[in-house]
Each structure stands twice: as structure tokens, then as C-alpha cells.
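What follows is a single structure, written as C-alpha cells, with notes after it.
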Amino acid sequence: MTEPDPKTQWPAPPPAPDLASRIAAAAFALPQAQSPGNKWREAVMRGLSDWRYGLAYKSAALLACALLGLGLGLATAYPHDPDPIDIAFMAEL
Amino acid sequence: MTEPVTDAYWLRQVAQGNQAAFRHLLDAHLPKAYAIAYRLLHNREDAEEAVQDAFSKVWTHAAQYEAGKSAFSTWLYTILTRRCLDRLRQRKRPNDPIDARIDTVADDSPDQATQLETAQTAAALRRAVATLPEKQKLAIVLCYFEGVSNAQAALIMGLNIKAVEGLLFRARQSLKSILRIDL
């Protein structure tokens, strides 16, 4: 004996003819979430094209670079002259 | 070499805001998704809302779908069944009277006696399935009525296959005792 087909015993009604259109209209009204990678890429691209976008971050980054450059410059531009007393001590004079 | 046009391909297009790709996926998966929702919720309006919620999430979160993890249909049915279970838990009102909707399940047979018999069987089945616990109902709708494999049902339900088989066994036992038929 063959088993009865449950679908014919309890057929589900087909969706309403306009349901697909309603679903699409409702969905298209919603914004699409971005993946994390896309979010960063979009932010970087916007930051490059619009100078005011993320101005606080840009200013902070500029200041940090300036301080770093100044610090490195001060540290390397004027080599420390050896102290004659230290040289005399090292040479056991 | 061109990439085969799969659901994953269409979903990548959806993630880029392609509305035609979304319509394609919607047309392909709506009938089955709606049938699952209807069989779980026993109500046209609730089923339509659940399906709409699920497809809206597909549109908004398409970028987060990971093709290697599962098939699109598994992802869709996972979203859908969660929406349906949420609705079942929230729903306090009793199910609508069966007889009010009996016309929706009758087939197109010209034989009225057969039609009536089919409708009565459908109503009895629907009543019986409605009495099952949520997870048993979900397992029986997915595997028995929608032909989803046990493995895919396990993915959709977030269970292992053994657990799904256990749910199916218990659901069949319950339905047998309610309907007094061999399932």
C-alpha cells in the first residue's frame, strides 16, 4: 500500500497574487545593511572625496603625525655631542 | 569561465542593491516559504506577514549571507521559521474556526463529495498539527509536508539530525493517535 501524500491531504493555499509585489515594495523601502568591510571602504572613499567628512578624525591624525614628526626630527636632527669629561673618563685620562 | 547562476549569485546581486535579483529570488522561493508559514501559523494574514518579514530581512541583510555556510533556502527558512515561532509565542488568541477557511483547502475536483472529503481530511490534519508542540510542528511541516531533508531541517532548526529524527518520531506518534491513521 502506498503512503498517502500529505500535501494532497492538507494542501496549502497559494500565496495571494499581489503578495510578491507587496513584499518587494516593503523591502525596497528599507535600507540595506552593509557588511563590515564595505562600511570601512565606503567611509574611506567618502573621507577622500569630501574634505569635511570625518574632520575631527582627520585633524587628530594630522596633529599626531605632526607631533611624531617633530619628535623624531628633534631626536635625529642634532646629534648629541659627546661630553669631553665623559670621553676623558672612558679613556681613563 | 562564467559562474553558474545560483541563488548565491542572485543574493550577491541583491547585496549590491539589485532589485531585479531580489524579485527573482522572491518569485522562486515565495510559494514554498508561504506554504511553510501557512502550515505553521494556520492563518493567511499571519503567514503573509511572516513571509514579508523574512524577505525584508533577506533584502536588508543580504550582505551578511555566507554562501559557504549553507544554501540560500536554508538561510531563508531559518529566518522564516524563527519569525513564525515568534508569532506563535506572541499569539494569545485561539486559531480561527476551521470551517471558516475550509474553502481554502478544497481542491479543484468536480466531484463535490471528494472535495468535501479532502477538505475534512485537511481540516482534521490541520487541527492535529496545531496541537503539536512548536518544535514537533516545525519538524513535521518541514520534513513531511515540504519535503525538506532531515539534514537541512536540522540546520534550519539549529539542532542535530538525531534530535530532528526524535521530534519527527514523537510528532508521528502524536498524529497517529489523534487521527487514527497510518502516517
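Top line first, the protein sequences correspond to chains W and S.
Going by the working numbering, 53 is the number at position 60 of the first sequence; the sequence numbering is gapless.
Going by the working numbering, 106 is the number at position 105 of the second sequence; the sequence numbering is gapless.
Cβ atoms here follow ideal geometry from the backbone N, Cα and C, with glycine treated the same way.
**Asked** Can you tell me whether residue 163/S is buried or exposed, with buried defined as 16 or more other CB within 10 angstroms of its CB?
**Response** exposed
**Message:** At the level of alpha carbons, what is the spacing between residue 48/W and residue 41/W?
**Reply:** Using only the alpha carbons, I get a separation of about 11 Å.
**Message:** Mapping the DSSP letters down to three states, classify residue 30/S as helix, strand or coil.
**Reply:** DSSP, read as helix, strand or coil, puts residue 30/S in helix.
**Item:** Chain-ordered chain S contacts of residue 65/W [CB-CB under 9 Å]
**Value:** Neighbours of residue 65/W on chain S: none; closest Cβ ~41 Å, over 9 Å.
**Rounded C-alpha distance that separates residue 26/W from residue 61/S** = 5 Å
**Message:** So within the stretch 116 to 156 of chain S, which uninterrupted beta strand (DSSP E) runs reach at least 3 residues, ignoring any that extend past its ends?
**Reply:** Whole beta strand (DSSP E) segments, 3+ residues: zero.
**Prompt:** Helix or strand or just coil, what does DSSP make of residue 160/S?
**Reply:** coil
**Request:** Evaluate contact between the stretch 125 to 142 of chain S and the stretch 39 to 47 of chain S, counting only Cβ atoms and requiring at least three cross-stretch pairs below 8 Å.
**Result:** yes
**Request:** Check whether the Cβ of residue 65/S lies closer than 8 Å to any Cβ atom in chain W.
**Result:** yes
**Prompt:** Apart from the five residues just before and just after residue 82/S, which ones in its own chain have a Cβ nearer than 8 Å to its Cβ?
**Reply:** 37, 41, 139, 143, 157 and 158
**Request:** Helix, strand or coil for residue 177/S, going by three-state DSSP, please let me know.
**Result:** Note: residue 177/S maps to helix in three-state DSSP.
**Prompt:** Of all the residues that make up the stretch 14 to 27 of chain W, which are near chain S by a beta-carbon distance shorter than 8 Å?
**Reply:** 15, 16, 17, 19, 20, 21, 23, 24, 25, 26 and 27
**Message:** Between residue 57/S and residue 12/W, how many whole angstroms is the CB-CB distance? I'm expecting something under 8 Å.
**Reply:** About 13 Å separates the two Cβ atoms, so there is no contact after all.
**Message:** Can you look up residue 43/S in the DSSP assignment and give me helix, strand or coil?
**Reply:** coil
**Prompt:** Whose CA, out of 17/W, 82/W and 77/W, lies closest to the CA of residue 52/S?
**Reply:** 17/W
**Asked** What residue from 26/S, 89/S and 17/S has the CA that sits closest to residue 48/S's CA?
**Response** Among 26/S, 89/S and 17/S, the Cα nearest to that of residue 48/S belongs to 89/S.
**Request:** Identify, in the order they occur along the chain, each residue of the same chain with its Cβ nearer than 6 Å to the Cβ of residue 129/S, setting aside the five sequence neighbours on each side.
**Result:** 176, 179 and 180
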